[in-house]
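Quick note: the sequence shown uses UniProt numbering, first residue 1, plus one each step. Note that beta-carbon positions come from the ideal geometry of N, C-alpha and C, so glycine has one too. Since the model is a prediction, treat every value here as computed from it, not as a measurement.
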Amino acid sequence: MTRAAVLLLIVLCVLVGLSTHMVVNCGDEDDPDICSAVIGFSPLRGSLIAFAYAGRGRIALRHGDFRRAIADFDEAIHLNPNRGSLYRDRATARRLNGELEGAIADYDEAIAHDPKLAAPYHQRGLALAAMGDLDRAILSFNTAVRLDPSDAQARLDRGLAFLARGQADDARADFEAALALPAGKNGAAREAARAKLAELASAEPTQVSAPRR
Numbered sequence: 001m002t003r004a005a006v007l008l009l010i011v012l013c014v015l016v017g018l019s020t021h022m023v024v025n026c027g028d029e030d031d032p033d034i035c036s037a038v039i040g041f042s043p044l045r046g047s048l049i050a051f052a053y054a055g056r057g058r059i060a061l062r063h064g065d066f067r068r069a070i071a072d073f074d075e076a077i078h079l080n081p082n083r084g085s086l087y088r089d090r091a092t093a094r095r096l097n098g099e100l101e102g103a104i105a106d107y108d109e110a111i112a113h114d115p116k117l118a119a120p121y122h123q124r125g126l127a128l129a130a131m132g133d134l135d136r137a138i139l140s141f142n143t144a145v146r147l148d149p150s151d152a153q154a155r156l157d158r159g160l161a162f163l164a165r166g167q168a169d170d171a172r173a174d175f176e177a178a179l180a181l182p183a184g185k186n187g188a189a190r191e192a193a194r195a196k197l198a199e200l201a202s203a204e205p206t207q208v209s210a211p212r213r
């Protein structure tokens, strides 16, 4: 191979590498036009361009444009149906858009792709609870808590489901467990658990001492 051919190959590799980086990471920016430009002009096609659709979908999701997010995740899944994270992201967009049955189906698909990841079980529990299916919601929360016992939010949400089902003792146990976890990223969940424990305490009947003889 001549020196010129080697240099050309190096340049092409650099350009492809840059293009690949842009395709995969365009969603890290907060400008959907970057992902749109990648989709329109990148030489990379097929399943790889699904990253750009997913990136644009995540931007739309962050900005509350759930319909746009769903449309982009639809395209990403069409191009690359073997990534569980795509189903989980579309499920979240569907759940926040009120499409609960579709969200649950997508969470099921995400779980099928990666059954050891806690987040889809937790989020599926939220969708089931929103539908009023508290029994299945609690089962889903159970798995989330088992897979990630340090997630205070999952314990809080399971406690809320127990409370909605009238199981105050089970709810209290979850709120106390959430409160016992280290603060860090669990700060908001711990404070919510503290507030719920205070509500439960105020709702308990006052213990009356037996009269003295």
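- Y107 is the residue among V145, Y107, D148, E176 whose C-alpha sits nearest the C-alpha of L128.
- Ranked by how close their Cα comes to the Cα of A180, the residues L139, Q153, D89 have Q153 in first place.
- The alpha helix (DSSP H) runs lying completely inside the segment 85-138 and spanning 4 residues or more are 100-113, 118-130, given in chain order.
- Residues of the same chain with a CB within less than 8 Å of the CB of L197, apart from the 5 flanking positions on each side, are R172, F175, E176, L179 in chain order.
- In its chain, beyond the 5 residues on either side, F66 have a beta carbon closer than 7 Å to the beta carbon of L96.
- DSSP places G166 outside any alpha helix (DSSP H), giving it a letter other than H or E.
- G159 has its alpha-carbon roughly 15 Å from the corresponding atom of N186.
- Excluding sequence positions up to five before and after A161, its CB lies within less than 6 Å of the CB of A129, L134, A137, I138, all in the same chain and listed in chain order.
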